[in-house]
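Participant:
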Amino acid sequence: MARVPFIAGNWKLNLGPAEAGELAEALASALADRGEVEVAVFPTALSALTVAGAVEGSGIEVGLQEIHSAASGAFTGTNSARMAREAGLTRVLIGHSERRQLFGETDAGVRAKVELALAEGLLPIVCVGETLEERDAGQVEAVVHRQVAAALEGLEPDQVAAITLAYEPVWAIGTGRTATPAQAQEVHASIRGWLRAHFPAFVAEDMRIQYGGSVKPGNAAELLACEDIDGALVGGASLKADSFAGIVAAVR
Ligand code: PEP
Numbered sequence: 002m003a004r005v006p007f008i009a010g011n012w013k014l015n016l017g018p019a020e021a022g023e024l025a026e027a028l029a030s031a032l033a034d035r036g037e038v039e040v041a042v043f044p045t046a047l048s049a050l051t052v053a054g055a056v057e058g059s060g061i062e063v064g065l066q067e068i069h070s071a072a073s074g075a076f077t078g079t080n081s082a083r084m085a086r087e088a089g090l091t092r093v094l095i096g097h098s099e100r101r102q103l104f105g106e107t108d109a110g111v112r113a114k115v116e117l118a119l120a121e122g123l124l125p126i127v128c129v130g131e132t133l134e135e136r137d138a139g140q141v142e143a144v145v146h147r148q149v150a151a152a153l154e155g156l157e158p159d160q161v162a163a164i165t166l167a168y169e170p171v172w173a174i175g176t177g178r179t180a181t182p183a184q185a186q187e188v189h190a191s192i193r194g195w196l197r198a199h200f201p202a203f204v205a206e207d208m209r210i211q212y213g214g215s216v217k218p219g220n221a222a223e224l225l226a227c228e229d230i231d232g233a234l235v236g237g238a239s240l241k242a243d244s245f246a247g248i249v250a251a252v253r
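Following our numbering, the numbering of the sequence shown begins with 2 at its first residue and continues without gaps.
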């Protein structure tokens, strides 16, 4: 069965409830006739409920950009998988490179969050990707395979199939520098090969692997046309309804 394309918007630390609600309403209307493509947006936690209300009935999913690695307790300033689920959210980003680079996220932390998310029925998008130094040192495959292996370690095949991976080369995030379709496809195929080697065949066939890194309406079609690229995780271009809708429309 063909994988349904999946486009997600990571709004990062942008758009408080009022602006986020406006963007969400604009997206619900701009994406009303989007065809067979899944769409999710990740506003800040404070804007998430407003956004969820604004997109209700549109099929657009809403998630958190981050959850804590413990279920509850004395962890000031964070949100849990259970709270996200209780609030009606359905998805969560885990291991975004900004979390890894700026907030000390580790492979072990990613793994713990994946488990908590799945236990609450939240569908994770797990982000992986190499830095420019790692690429220049010929370590792309080693780094990305290590991150994928750590995130999925010990999970049952059915659990793994519920996860979306996002390959996001760190040097392409927010830089305007996009991986070429050939560069991206090479890594996506390598991740799918790794999945094939470690899980039953259906996992590699079913799992969506998004590309992320300066995706825009003008470069989305050629990336999404690649065999192993099943969608996009979009930062900057997801903050305007017309550019995000342009990327969704690039799905063929
Ligand atoms: C991201 O934050 O996941 C991302 C891909 O950002 P941008 O599209 O701005 O590069």
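Glycine included, every Cβ here is placed at the ideal spot set by N, Cα and C. What you are looking at is a predicted structure, and each value in this text was computed from that prediction instead of being measured.
To which residues does DSSP link residue 40 through a beta bridge?
Facilitator: For the purposes of this step, residue 40 is taken as residue 39 along the sequence shown, with counting starting at 1. In the DSSP output, where bridge partners are listed per residue, residue 40 has 8.
Participant: Does the count of Cβ pairs from the segment 119-127 and the segment 91-102 closer than 8 Å reach three?
Facilitator: The segment 119-127 vs the segment 91-102: in contact.
Participant: Note down, one range per segment and in chain order, each beta strand (DSSP E) of at least 3 residues found wholly within the segment 65-128.
Facilitator: Segments of the beta strand (DSSP E) lying fully in the segment 65-128: 92-95.
Participant: CB residue 56 to CB residue 38, shorter than 9 Å?
Facilitator: The residue labelled residue 56 in the question sits at position 55 within the sequence shown. The residue labelled residue 38 in the question sits at position 37 within the sequence shown. Their beta carbons are not under 9 Å apart, which means residue 56 does not touch residue 38 by this criterion.
Participant: At a threshold of 8 Å, does residue 174 count as lining ligand 1 (C-beta to nearest heavy atom)?
Facilitator: What you label residue 174 is simply residue 173 of the sequence shown in a count that begins at 1. It does: the Cβ of residue 174 is within 8 Å (strictly closer) of some heavy atom of ligand 1.
Participant: Under a Cβ-count criterion, where at least 16 other Cβ atoms within 10 Å of its own Cβ denotes burial, should residue 226 be classed as buried or exposed?
Facilitator: Taking the sequence shown and counting its residues from 1, one reaches residue 226 at position 225. Burial call: exposed.
Participant: Hey, out of 178, 53 and 234, whose CA is closest to residue 165's CA?
Facilitator: In the sequence shown, counting from the first residue as 1, residue 165 sits at position 164. Among 178, 53 and 234, the Cα nearest to that of residue 165 belongs to 234.
Participant: Which of helix, strand or coil does DSSP assign to residue 149?
Facilitator: Along the sequence shown, one-based indexing puts residue 149 at 148. Reduced to three states, the DSSP call for residue 149 is helix.
Participant: Do the segment 72-85 and the segment 138-155 touch if we need at least three Cβ pairs shorter than 8 Å?
Facilitator: Segments in contact, no.
Participant: Which same chain residues, not among the five before or five after residue 100, have their C-beta less than 7 Å away from its C-beta?
Facilitator: Taking the first residue of the sequence shown as 1, we reach residue 100 at position 99. Excluding residues within five positions, the ones whose Cβ falls inside 7 Å are 67 and 106.
Participant: Less than 8 Å between the CB of residue 242 and some heavy atom of ligand 1, yes or no?
Facilitator: Position 241 of the sequence shown, counted from the start, is the residue given in the question as residue 242. No, the beta carbon of residue 242 sits no closer than 8 Å to any heavy atom of ligand 1.
Participant: Report all residues from its chain with a CB closer than 6 Å to the CB of residue 25; omit the five preceding and five following residues, and keep chain order.
Facilitator: One-based indexing of the sequence shown puts residue 25 at position 24. Excluding residues within five positions, the ones whose Cβ falls inside 6 Å are 52, 55 and 56.
Participant: Which stretch, first to last residue, makes up the beta strand (DSSP E) that contains residue 235?
Facilitator: Along the sequence shown, read from residue 1 onward, the residue named residue 235 stands at position 234. Unbroken beta strand (DSSP E) run through residue 235: 232-235.
Participant: Using the DSSP secondary-structure output, state which residues sit across from residue 63 in a beta bridge.
Facilitator: By one-based count along the sequence shown, residue 63 stands at place 62. Answer is 42.
Participant: Quick test of the definition: if touching needs 3 or more C-beta pairs under 8 Å, does the segment 234-243 touch the segment 194-202?
Facilitator: With the cut-off at 8 Å, the segment 234-243 and the segment 194-202 do not touch.
Participant: Do residue 110 and residue 70 count as a contact pair if the criterion is CB distance below 9 Å?
Facilitator: Your numbering for residue 70 matches position 69 in the sequence shown. Your numbering for residue 110 matches position 109 in the sequence shown. A contact, by the Cβ cut-off of 9 Å.
Participant: If residue 211 and residue 76 are in contact, beta carbons under 8 Å, what's the gap, nearest whole angstrom?
Facilitator: What you label residue 211 is simply residue 210 of the sequence shown in a count that begins at 1. What you label residue 76 is simply residue 75 of the sequence shown in a count that begins at 1. 29 Å between Cβ atoms; not a contact.
Participant: Please go through the same chain and pick out, in chain order, the residues whose beta-carbon is closer than 6 Å to the beta-carbon of residue 172, but skip the five residues on each side of it.
Facilitator: Position 171 of the sequence shown holds residue 172. Counting only Cβ-Cβ distances below 6 Å, and skipping sequence neighbours, we find 133.
Participant: Less than 9 Å between the C-beta atoms of residue 60 and residue 126, yes or no?
Facilitator: Here residue 60 corresponds to residue number 59 of the sequence shown, with the count starting at 1. Here residue 126 corresponds to residue number 125 of the sequence shown, with the count starting at 1. It is not a contact, given that the beta carbons lie outside the stated cut-off.
Participant: Using a Cβ-Cβ cutoff of less than 7 Å, which residues in the same chain neighbour residue 27 once the five nearest sequence positions on both sides are dropped?
Facilitator: Along the sequence shown, one-based indexing puts residue 27 at 26. Taken in chain order, the residues that qualify are 242.
Participant: Run through DSSP, which three-state label would residue 196 get?
Facilitator: By 1-based counting over the sequence shown, the position of residue 196 is 195. Residue state, collapsed to three classes: helix.
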